[in-house]
Each structure stands twice: as C-alpha cells, then as structure tokens.
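Asker: Numbering (my numbering) for the sequence shown: 5 to 154. Ideal Cβ placement from N, Cα and C applies to all residues, glycine included.
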Amino acid sequence: MIAIPSGFNLQDYLVLEGDSNIRHEYRYGSVYAMAGGSDDHDEISLNLIELLRQKVRAQGCSVRSGNVKVNYADAFFYYPDAFVTCDPRDSEDRYVKRHPKLIAEVLSPSTEKFDRGEKFKDYQQIESLEEYVLIAQEQIQVECRRRVRD
Numbered sequence: 005m006i007a008i009p010s011g012f013n014l015q016d017y018l019v020l021e022g023d024s025n026i027r028h029e030y031r032y033g034s035v036y037a038m039a040g041g042s043d044d045h046d047e048i049s050l051n052l053i054e055l056l057r058q059k060v061r062a063q064g065c066s067v068r069s070g071n072v073k074v075n076y077a078d079a080f081f082y083y084p085d086a087f088v089t090c091d092p093r094d095s096e097d098r099y100v101k102r103h104p105k106l107i108a109e110v111l112s113p114s115t116e117k118f119d120r121g122e123k124f125k126d127y128q129q130i131e132s133l134e135e136y137v138l139i140a141q142e143q144i145q146v147e148c149r150r151r152v153r154d
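Shown next, in the form of structure tokens:
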C-alpha cells in the first residue's frame with residue numbers, strides 16, 4: 005500500500021474512489037493506494053472465491069471479490085480479497101458492504117503485518133463478522149480466526 009497525503013475526509017475519499025482507475029483504502033482519515041497482486045495471489049483468491057460460492061450459495065449468501073469494499077461506521081473502507089455476506093441489507097449498495105460474515109485475506113509480504121494486526125483489529129469492530137481467514141502465499145498455511153459469542 006502506498007500512503008497518500010493524509011487529511012482526507014470521507015467525502016474526499018469517496019470522490020477520489022469514484023474518479024480513480026486504481027483502488028484506494030481509507031482508514032481513519034488516511035488514504036492508501038492499493039498495489040497490484042501477483043499471479044499466485046490472484047490464483048489463490050480466485051480458487052477461494054470459487055470454493056466459497058459453492059458452499060454458501062444455497063444458504064442465500066453471496067461471495068464478493070477484492071473489487072467491492074467493506075466498510076464500518078465510515079471509519080474504514082477496505083478491499084478484502086474475498087468475503088461472504090448473508091445480510092439482506094448488503095444488497096442496498098452495489099459498491100460497499102457493511103455486514104460481512106467471513107473475510108479472507110491472501111497475505112502479501114508488503115501487507116502481512118498490517119493484515120494480521122491493525123486491519124484485524126478494525127475488522128473485529130464489525131458485529132456480523134464471524135471468521136477472518138488469512139492465507140499464506142509462500143507456504144501451505146491457512147489461519148482462521150473465529151469470533152466466540154457468549
């Protein structure tokens with residue numbers, strides 16, 4: 005991710021996203037241009053999306069790729085590599101979803117620390133989120149963090 009000078013408000017970010025050919029993530033007033041992924045990253049993401057679609061479609065859920073944003077309380081807008089939503093409220097906006105049930109990130113060397121740390125903390129604020137899945141590219145390793153409800 006490449007940081008763009010901070011001081012953006014939410015409206016500035018949304019205008020930038022609407023006018024830009026590249027994707028940007030927004031986090032608490034800072035905007036980051038998204039770097040492109042590798043062949044391996046793309047292959048893992050596509051395989052995951054295909055598997056998820058087979059599993060959740062019958063449950064009335066949908067799977068989205070890294071082209072649709074996940075948002076929480078206008079504090080952040082992220083582009084997860086894949087996510088599942090089963091909430092009918094997520095059909096109201098074609099570009100932003102607010103009630104994901106599962107979020108998956110394919111780890112890249114440049115984003116792994118952020119995906120495991122600050123991004124995970126941000127995602128934990130989403131009440132509907134039940135699972136956060138991290139998939140390694142360099143080795144065969146999948147980590148699943150599940151929310152335990154009382």
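If you run the structure through DSSP and keep just helix, strand and coil, what is N75?
Answerer: Correct three-state label for N75: strand.
Asker: Can you tell which of C148, H103, Y76 and D78 has its C-alpha closest to the C-alpha of V110?
Answerer: Nearest C-alpha to V110: C148.
Asker: Below 8 Å, can you find three or more Cβ-Cβ pairs linking the segment 54–63 to the segment 18–38?
Answerer: no
Asker: Just list the alpha helix (DSSP H) runs in the segment 61–124, keeping only unbroken ones of 4 residues or longer that don't cross its boundaries, in chain order.
Answerer: Runs found: 116–120.
Asker: List the endpoints of the continuous beta strand (DSSP E) containing L138.
Answerer: E135 to I139
Asker: Buried or exposed for L14, please, with buried defined as at least 16 other CB atoms from any protein chain shown within 10 angstroms of its CB.
Answerer: With a 10 Å radius around the Cβ and a threshold of 16 neighbouring Cβ atoms, L14 comes out exposed.
Asker: If we ignore side chains and look at the alpha-carbon of each, how far apart do S42 and S24 end up?
Answerer: 21 Å
Asker: Between which two residues does the beta strand (DSSP E) harbouring E29 extend?
Answerer: H28 to R31
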